[in-house]
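S.K.:
Protein chains in written order, with UniProt numbering: chain C, 1 to 573; chain G, 1 to 573.
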């Protein structure tokens, strides 16, 4: 390693060191010189159809890989990506957003360049980024650039949220010191505070005295980096384990003591009874948005909970700050004496069958997800777009190591399709070392699909093994349920979904054998038995026709019935 | 008119009073209750495929109609629209961005709702909007809402830029005073300053003494509301009149003294010679970005210019502030004594013919635009997307009242396709009163098209008469020209463009008769003679195949040749 290195090489070397294999984005005249360094650095360049799609894809990649990078151009590119970056912030996905900006001489002279408001102001888009990224920096000189890069990458990892990096177009080739590169970047540890032993002993005391304990694994556990430890805890205790929506896919549902989703009053009655009479709820990575908690009905009471979150542990109403959840959990696992803990009998598990479904039945929400579930294999990724797909996805029983992406908090429709591209690519890169192969399945409504459909062409270009199941119910059914169930504003334009693969450039031979439509449960079951559906190559499309107002039991049906009752009352008056 | 009115009705009544006929946007759970009022108010709801497309469409509508409105939902929706709003700011298009936000009780209690970062913070997206809109307001009580609405609509009109209006989901039905509605909203006039007579006499003095005068009409003249006056001035003086890129389509190119684009060293040599030896350049609505001025080579020297811009008039190096350009121009027209002004002989006009083109020629940039030009009719709208299309569009000779949209400053690729939807819709609404009919033609490269292609389905749904000409040169040719002409990052995925109409839902019969591909000039000419191409119904698609590195003479060819020379030099070393 020489003493000096070009700035772009420094940045990309760091990304490679941190396990990034692909970069997402769109070329633009202020980032082209940076793009020259991507492939030589050993990185794969994914040219997306637009920047929002690129940001969504980077988010998906990051959720599987642990870090991702996105390159856009100043103004036009970065602002198109804003919603995707915000979603990564809301749901804790570390995305390094690298923005190619005008060369320093133009910025310094306040030149009235394109991609600005022609007023000499170059700071406004960076100012906007402060609201949706956890750290921001601008590389403007050789001396400070390496440390700034290291710092911003650490911020992304520490907070598990997106960061914003401005890189003027005349900087990629500038020489910087390569000295830092000899030391791999690591995330600084939280020092053990004096009260750590006390926290541990309080936890152990509660653990040993618990008569009806529960483990609750929420989605921010991923950001805390404690998933392996949690797996050990779940096995060691054998305690009934539940997940909120965000936690689904982070624990092994094949264990007898793992129940999957806890939905309080919107789920299994016996699970609710057990949960609500628990005397200890070990809670990890909580994320208490309305949509992740069934309007906060699944949030444990303070008195019952011990909650591990970012650099704090809360025991009953007391919050211990500046403490590492990972460190305390690690000590807990080391200290745990299995003979002192209870081996409780959890609630009976719900058994899902499809015996009641007839071949001639139309495909309804209540039977569709049960029929699809068996095609998922170990390590697969399943993505369920906001709307009826996400509600249905909550009921899946997941194979070991399968990941599920659902609707958590940001709920930006259209997200899941490019997210699928990113997640599938990250998984393929992970599998390259082992030779394993996995399927990625996206279930998405027709309304959401229209937001970002063009990214199917990038999936095809990347030769990814992706099954896209399109729920065709002629519009935004989830919005119909919330309000305006008969209003035209909840309709979407008519598309011929079975032509997508051909339009988006797949081989004509492939198209013929990898596009299906199902109207009845019998048709669906026959299609699902096809090898090309459940374990095929390339991108496949399965369109399933459903009723415009068909929703599963739970919050959606509750809202729909409420709306109908209000209409009836109004009509009666 | 009653004394009270529901807030949403107040807002939409004001928009209707100001000539808005359609609203763009996407439904979301925080704006559904607002959407209930759109159609009853006499407005047409255009449900777009996504919010960026909706913002682009609203911008296009506004450029034809003078004002437009866009409705998105909190966070996810509004951020997706950000780039489109910023473009409207940069290029002076008044768009009222109405954001449906969570109900006041949820905001006041800092509830951890979806579409937030689940941290109780509700202000960050509004804070972001301050950088890309000219005014912002939040409707939170009945007492202040009507005045806030009036104020923000006036700001949009005064500045001809976008504004941001937050409307909580529990506000649309709140009763507010309707008293204001009796008085139509008007834009406050700039009071005549004491120095106005002096300014006028200085201008007249220069006008009467000019020996080689020029009129230069730039694009911000539209925002100044002086287009009709300029038409009078151009006819009254008969002076040679030029436009920068942004001004193209704002003056009547059928007049003998109107020359179209002035491109300095990148255009006609004799025009440059005349322009550079002028002793007076009456300049209106200047917009001096690099891309609108051929790197500032078309900007008149201070000593020669009298420049009319927002509330200032500049004469030589002296700037008079707080003065109305429209008022001064109006007085100038009234005072002007035609017998005292020179009737100069302008440079000879360039004659464009197609005689040198053979049927077997491949379609090259240098012949394509000449061949297409004759299909445009009076009052038509022609949109040329950033890239080779926009450069070619600058050479069109436009029929009277035709409008041309080109690449000015924001240059966000993908913009022109949804913009076409908005512009065509506004034109159709204008024509409804007269029974006139017009065509809208979009010329767009395949790279740009992929950004926003799904909006073709909304054009189809809206039954608009739009011809889309797709330049298929396998990627981002304009980026290839700037840098990396052989790099893969400037390629795009392969699409079958002739399948677009079918995929996006047009009638199968229509599809067959309204999709064409041309590879040679002969094929192109034959297709262009087809009635369905130049004056057909509905959306039609014409794909033209061009070479990956084919660009017109001018800045693009200059950059390409420079790149090739650098490569050759590098290879020689």
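Backbone N, C-alpha and C fix where the C-beta goes; we use that ideal spot for every residue, glycine too.
Check whether the Cβ atoms of residue 177/C and residue 290/C sit closer than 8 Å, and answer yes or no.
M.R.: Position 177 of the first chain holds residue 177/C. Position 290 of the first chain holds residue 290/C. No. Outside cutoff.
S.K.: Suppose you measure from the CA of residue 317/C to the CA of residue 303/C; what does that come to, to the nearest Å?
M.R.: Within the first chain, residue 317/C is the residue found at index 317, counting from 1. Within the first chain, residue 303/C is the residue found at index 303, counting from 1. Their Cα atoms are separated by approximately 7 Å.
S.K.: Residue 61/C to residue 88/C, Cα distance in whole Å?
M.R.: As a first step, residue 61/C is located in the first chain; it is residue number 61 there, counting from the start. As a first step, residue 88/C is located in the first chain; it is residue number 88 there, counting from the start. Cα to Cα, residue 61/C sits roughly 11 Å from residue 88/C.
S.K.: Assess contact between the segment 410-423 of chain G and the segment 353-366 of chain G, defined as three or more Cβ pairs (one per stretch) separated by less than 8 Å. Is contact present?
M.R.: Contact fails: fewer than three Cβ-Cβ distances are below 8 Å.
S.K.: Taking residue 493/C as the reference, give the member of 321/C, 450/C, 522/C, 467/C with the closest Cα.
M.R.: If you number the first chain from 1, residue 493/C lands on position 493. Among 321/C, 450/C, 522/C, 467/C, the Cα nearest to that of residue 493/C is on 450/C.
S.K.: Can you check whether the C-beta of residue 570/C is within less than 8 Å of a C-beta belonging to chain G?
M.R.: In the first chain, counting from the first residue as 1, residue 570/C sits at position 570. No, because no Cβ of chain G sits closer than 8 Å to the Cβ of residue 570/C.
S.K.: When you check each C-beta in the UniProt domain "Thiamine pyrophosphate enzyme central" (201-317) of chain G against every C-beta of chain C, which residues fall closer than 7 Å?
M.R.: Cβ contacts with chain C: 287, 288, 289, 290, 291.
S.K.: Looking at chain C, is there any beta carbon in it that lies within less than 8 Å of the beta carbon of residue 419/G?
M.R.: The residue labelled residue 419/G in the question sits at position 419 within the second chain. Not closer than 8 Å to any Cβ of chain C, the Cβ of residue 419/G fails to qualify, so no.
S.K.: Determine the burial state of residue 482/G: buried for a count of at least 16 other Cβ atoms within 10 Å of its Cβ, exposed for fewer.
M.R.: Along the second chain, one-based indexing puts residue 482/G at 482. So residue 482/G ends up on the buried side.
S.K.: Using a Cβ-Cβ distance under 8 Å, would residue 493/G count as near chain C?
M.R.: Position 493 of the second chain, counting from 1, holds the residue named residue 493/G. Yes, contact with chain C.
S.K.: Going along the chain, which unbroken runs of the alpha helix (DSSP H) with 4 or more residues stay wholly within the segment 305-380 of chain G?
M.R.: Entirely contained in the segment 305-380 of chain G, the alpha helix (DSSP H) runs reaching 4 residues are, in chain order, 325-335, 365-372.
S.K.: Expressed to the nearest angstrom, what Euclidean distance is found between the alpha-carbon atoms of residue 353/G and residue 491/C?
M.R.: Position 353 of the second chain, counting from 1, holds the residue named residue 353/G. Position 491 of the first chain, counting from 1, holds the residue named residue 491/C. Whole-angstrom Cα-Cα distance: 48 Å.
S.K.: What three-state label does DSSP hand residue 283/G in the structure shown?
M.R.: For this step, residue 283/G is matched to residue 283 along the second chain. Strand.
S.K.: What's the gap between the Cα of residue 190/C and the Cα of residue 106/G?
M.R.: Translated into the one-based positions of the first chain, residue 190/C becomes position 190. Translated into the one-based positions of the second chain, residue 106/G becomes position 106. Each residue's Cα considered, the two are about 35 Å apart.
S.K.: Quick one: which chain G residues come within Cβ less than 9 Å of residue 460/C?
M.R.: Reading the first chain from its first residue, position 460 is the one you call residue 460/C. Simply 493, 494.
S.K.: The beta strand (DSSP E) with residue 576/G in it runs from where to where?
M.R.: Residue 576/G is absent from the structure shown; chain G starts at 1 and stops at 573.
S.K.: Determine which residues share a DSSP beta bridge with residue 294/G and list them.
M.R.: Locating residue 294/G in the second chain gives position 294, counting from the first residue. In the DSSP output, where bridge partners are listed per residue, residue 294/G has none listed.
S.K.: Using 10 angstroms around the beta-carbon of residue 182/G, count the other beta-carbons present and answer buried if the total reaches 16, otherwise exposed.
M.R.: Mapped onto the second chain, residue 182/G falls at position 182. Under this definition residue 182/G is an exposed residue.
S.K.: Just how far apart, CA to CA, sit residue 172/G and residue 104/G?
M.R.: Taking the first residue of the second chain as 1, we reach residue 172/G at position 172. Taking the first residue of the second chain as 1, we reach residue 104/G at position 104. Taking the straight line joining both Cα atoms gives about 12 Å.
S.K.: What is the rounded straight-line gap between the Cα of residue 9/C and the Cα of residue 249/C?
M.R.: Mapped onto the first chain, residue 9/C falls at position 9. Mapped onto the first chain, residue 249/C falls at position 249. Each residue's Cα considered, the two are about 36 Å apart.
S.K.: Below 8 Å, how does it come out for the segment 438-455 of chain G and the segment 139-153 of chain C: are there three or more Cβ pairs, yes or no?
M.R.: The answer is no - the segment 139-153 of chain C does not touch the segment 438-455 of chain G, with fewer than three Cβ pairs under 8 Å.
S.K.: Nearest-angstrom Cα distance between residue 430/C and residue 140/G?
M.R.: For the purposes of this step, residue 430/C is taken as residue 430 along the first chain, with counting starting at 1. For the purposes of this step, residue 140/G is taken as residue 140 along the second chain, with counting starting at 1. Rounded to the nearest angstrom, the two C-alpha atoms are 50 Å apart.
S.K.: Under 7 Å Cβ-Cβ, which residues of chain G neighbour residue 76/C?
M.R.: For the purposes of this step, residue 76/C is identified with residue 76 of the first chain, where counting begins at 1. The answer, in chain order, is 83, 410, 411, 412.
S.K.: Identify the contact partners of residue 479/C in chain G, using a Cβ-Cβ distance below 8 Å as the criterion.
M.R.: As a first step, residue 479/C is located in the first chain; it is residue number 479 there, counting from the start. Those are 27, 28, 29, 32, listed as they occur along chain G.
S.K.: 8 Å is my cut-off, CB to CB: does residue 108/C come that close to chain G?
M.R.: If you number the first chain from 1, residue 108/C lands on position 108. It does not: the Cβ of residue 108/C has no partner Cβ on chain G nearer than 8 Å.
S.K.: Is there contact between the segment 43-53 of chain C and the segment 18-25 of chain C, where contact requires at least three CB pairs shorter than 8 Å?
M.R.: Yes, the segment 43-53 of chain C touches the segment 18-25 of chain C.
S.K.: In chain order, what are the residue ranges of uninterrupted beta strand (DSSP E) at least 3 long that sit wholly in the segment 430-510 of chain G?
M.R.: Complete beta strand (DSSP E) runs here, min 3: 440-445, 466-472.
S.K.: Which runs of the beta strand (DSSP E) spanning at least 3 residues fall entirely within the segment 61-118 of chain C, listed in chain order?
M.R.: 68-73, 95-101, all fully within the segment 61-118 of chain C.
S.K.: For residue 204/G versus residue 150/G, is the C-beta distance shorter than 8 Å?
M.R.: Start at 1 with the first residue of the second chain, and residue 204/G comes out as number 204. Start at 1 with the first residue of the second chain, and residue 150/G comes out as number 150. Against a cut-off of 8 Å, the Cβ pair of residue 150/G and residue 204/G comes out as no contact.
S.K.: Should residue 196/G be listed as close to the ligand ADP, given that the test is whether its C-beta is under 7 Å from any heavy atom?
M.R.: Within the structure as shown, the ligand ADP is missing, as the structure has no ligands at all.
S.K.: Should residue 575/G be labelled buried (16 or more other beta-carbon atoms within 10 Å of its own) or exposed?
M.R.: An answer regarding residue 575/G cannot be provided, because it is not within the stretch 1 to 573 covered by chain G.
S.K.: Between residue 339/C and residue 236/C, what straight-line distance do the alpha-carbon atoms span, to the nearest angstrom?
M.R.: Within the first chain, residue 339/C is the residue found at index 339, counting from 1. Within the first chain, residue 236/C is the residue found at index 236, counting from 1. Computed Cα separation, rounded: 11 Å.
S.K.: Could you check how far apart the C-beta atoms of residue 541/G and residue 515/G are, in whole angstroms? I think they sit under 8 Å.
M.R.: Numbered from 1 along the second chain, position 541 holds the residue referred to as residue 541/G. Numbered from 1 along the second chain, position 515 holds the residue referred to as residue 515/G. Confirmed, Cβ separation roughly 5 Å.
S.K.: By the three-class DSSP mapping on this structure, what secondary structure does residue 53/G have?
M.R.: Sequence index remark: in the second chain, residue 53/G carries index 53 (1-based). Looking at residue 53/G - three-state DSSP - the assignment turns out to be helix.
S.K.: Once you ignore the five residues that flank residue 396/G on each side, which residues in its own chain have a CB closer than 6 Å to its CB?
M.R.: Numbered from its first residue, the second chain carries residue 396/G at position 396. Same-chain partners within the cutoff: 373.
S.K.: Between the segment 83-101 of chain G and chain C, which residues of the former have a C-beta closer than 8 Å to a C-beta of the latter?
M.R.: Cβ contacts with chain C: 83, 86, 87, 89, 90.
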